[in-house]
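Notes follow the structure.
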Ligand SMILES: Nc1ncnc2c1ncn2[C@@H]1O[C@H](COP(=O)(O)OP(=O)(O)OP(=O)(O)O)[C@@H](O)[C@H]1O
Ligand SMILES: [Mg+2]
Ligand SMILES: [Zn+2]
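Residue numbers (the numbering used here), protein chains in the order written: chain G, 25 to 174; chain S, 47 to 348.
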């Protein structure tokens, strides 16, 4: 086995190729703060695909696709590796979901979601040239550069 | 349509919209009928609006329905800091249908998800005002005897004008062609141009009203707020391109009609009012019939 930059785990999930600046957002989106198993987080590694990347390894945890796909907004190139008995069992890439609930704040200041205690809700209307979201409530469309992650 | 909220014009498909126009015609012939006996309709105006509110209330009263509610947020519990969720939940218990106007974009969609009873959006911020769109469609149908293949010119503040956005979406079902006349910084948002592109419909963007007058079947005027211009002098320089006068109308087609959601300020000179093309006051009257149709269809009476 080749040398690992973050220690090995016997079983669990490895999320690799996260842009370094997005690692903490991924932690938050997946709710890892409240997780009790061992979690290894490494960041600012050199990477071929990204300028600087981060890796998160969660022992004994396998995420549902709809959960893991939420990170596609901040880590569109992330890879997901399932580890069993220290071996790579399965590798997948994240997919941008059709709908995003919570997570993103609507950039429209006059949108009800910014004034009432409620979840934001967006439809993903374009995945090809950067992600474009349409707010379910105010019906405005936004590019990725305008989005703020909660 | 029974029990289905009308929040955005896109909530109803083309056939449903045409059905509303048909029923509106019945009400135009006979606006006073006791169809809403025993129904209680909540009219929640979180933001004052004389025209739309009176038109709704008149429509409901003519059909014998009862109205409860408030005419601005100041006279409601909103002033005490109640959430929209709680206001809607409460009113939900007292009425069969809610008509609401709210200053925030998306408020009506949110209300429709909180309430068990249907919601009619009477304007949510800069977003949607679907009953206005329906009365615009009705008026266009009334004046042109069709909705298909018309050429429609929109003039004024096309960036913030929600009536323009919704009417564009609605007319896109009828293979219309569009001319958007506005200063560059108030032009129709990209979102709507992309929408028309997807539908394969023709449109042009222009900066001068005079170019479209000879071509269009409908000239839809909207207000340009002078305050949108960083320099009031700038407005003075360009206003001739967005203000309609009797003398401008000479090259218009015979069937051409001028519409306006009202209130107007300077964008239509009063010397246009007496011309056969001026149709904005009839347009406002149509609001009553169209709202009668929408209310009674949602309540399942028509
Ligand atoms: N036992 C293990 N414990 C923890 N992490 C592991 C283990 N085995 C592999 N990994 C990590 O899982 C990810 C995928 O492993 P793989 O061996 O396929 O790496 P790779 O060839 O670098 O693939 P990639 O193209 O995804 O970078 C890598 O981040 C690797 O460091
Ligand atoms: Mg690697
Ligand atoms: Zn929004």
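Backbone N, C-alpha and C fix where the C-beta goes; we use that ideal spot for every residue, glycine too.
By the CB criterion at 9 Å, residue 120 of chain G and residue 172 of chain G fall outside the cutoff.
Annotation: Cβ neighbours of residue 142 of chain G in chain S (cutoff 8 Å, chain order): 131 and 156. Close to residue 174 of chain S, with beta-carbon spacing below 9 Å, are these residues of chain G in chain order: 163. Remark: the C-beta of residue 136 of chain G is in contact range of ligand 3, defined as less than 8 Å to any heavy atom. Spatial neighbours of residue 311 of chain S in its own chain (CB-CB distance under 6 Å, excluding positions within 5 residues in sequence) are listed in chain order as 269.
Under DSSP, residue 166 of chain G takes part in a beta bridge, and its partners are G/157. In this structure, DSSP gives residue 310 of chain S a state outside helix and strand, which the three-state scheme calls coil.
For residue 124 of chain G, the closest Cβ of chain S is not nearer than 9 Å.
Rounded to the nearest whole angstrom, the C-alpha separation of residue 201 of chain S and residue 153 of chain G is 32 Å. If you look at residue 176 of chain S, you'll find it isn't in any beta strand (DSSP E); it sits in the alpha helix (DSSP H) that goes 176–190.
The criterion of a C-beta distance shorter than 9 Å is satisfied by residue 305 of chain S and residue 325 of chain S. For residue 258 of chain S, the CB contacts under 8 Å within the same chain, skipping 5 residues up- and downstream, are 199, 201, 225, 227, 252 and 265 in chain order. Spanning the alpha carbons of residue 170 of chain G and residue 58 of chain G requires a straight line of approximately 29 Å. For residue 89 of chain S, the enclosing beta strand (DSSP E) has its first and last residue at 86–91. As the crow flies, the alpha-carbon of residue 60 of chain S is around 7 Å from that of residue 219 of chain S. The region 269–279 of chain S makes no contact with the region 150–165 of chain S: fewer than 3 CB pairs, one atom from each, lie closer than 8 Å. Interface residue (Cβ-Cβ distance to chain G less than 9 Å): residue 152 of chain S is classified as such.
For residue 212 of chain S, the uninterrupted alpha helix (DSSP H) segment begins and ends at 208–217.
Residue-level contact by beta carbon holds for residue 137 of chain G and chain S, with a gap shorter than 9 Å. Cα atoms of residue 50 of chain S and residue 167 of chain S: separation of roughly 12 Å, rounded to the nearest angstrom. Annotated as distal: residue 212 of chain S and residue 235 of chain S, with beta-carbon spacing of 9 Å or more. Excluding five sequence positions before and after residue 141 of chain S, the CB atoms of its chain that fall closer than 8 Å to its own CB belong to 86, 87, 88, 114 and 163, given in chain order. Relative to ligand 3, residue 141 of chain S has its C-beta separated by 8 Å or more from all heavy atoms.
Counting only the Cα atoms, residue 149 of chain G lies some 30 Å from residue 129 of chain S.
For the region 41–71 of chain G, no residue has a beta-carbon sitting nearer than 7 Å to a beta-carbon of chain S. For the pair residue 110 of chain S and residue 166 of chain G, the Cα-to-Cα distance works out to about 45 Å. For residue 164 of chain G, the CB falls within less than 8 Å of some heavy atom of ligand 3. At least 9 Å separates the beta-carbon of residue 84 of chain G from that of residue 42 of chain G.
The Cβ neighbour count for residue 216 of chain S, taken over all protein chains shown within 10 Å, is at least 16; the residue is labelled buried. Taking a C-beta distance under 9 Å as the contact criterion, residue 158 of chain G and residue 164 of chain G qualify as a contact pair.
A distance of 9 Å or more separates the beta carbons of residue 106 of chain G and residue 93 of chain G. For residue 184 of chain S, the number of other beta carbons within 10 angstroms of its own is at least 16, and it is reported as buried. With its beta carbon less than 9 Å from one in chain G, residue 170 of chain S belongs to the interface.
With respect to the 9 Å criterion, residue 340 of chain S and residue 55 of chain S are not classified as neighbours on the basis of their beta carbons. Sequence-distant Cβ neighbours of residue 222 of chain S in its own chain, meaning closer than 8 Å and more than five residues away, are 193, 194, 195, 196, 197, 198 and 247. The beta carbon of residue 182 of chain S sits closer than 6 Å to the beta carbons of 213 from its chain, once the five residues preceding and following it are set aside; these are given in chain order.
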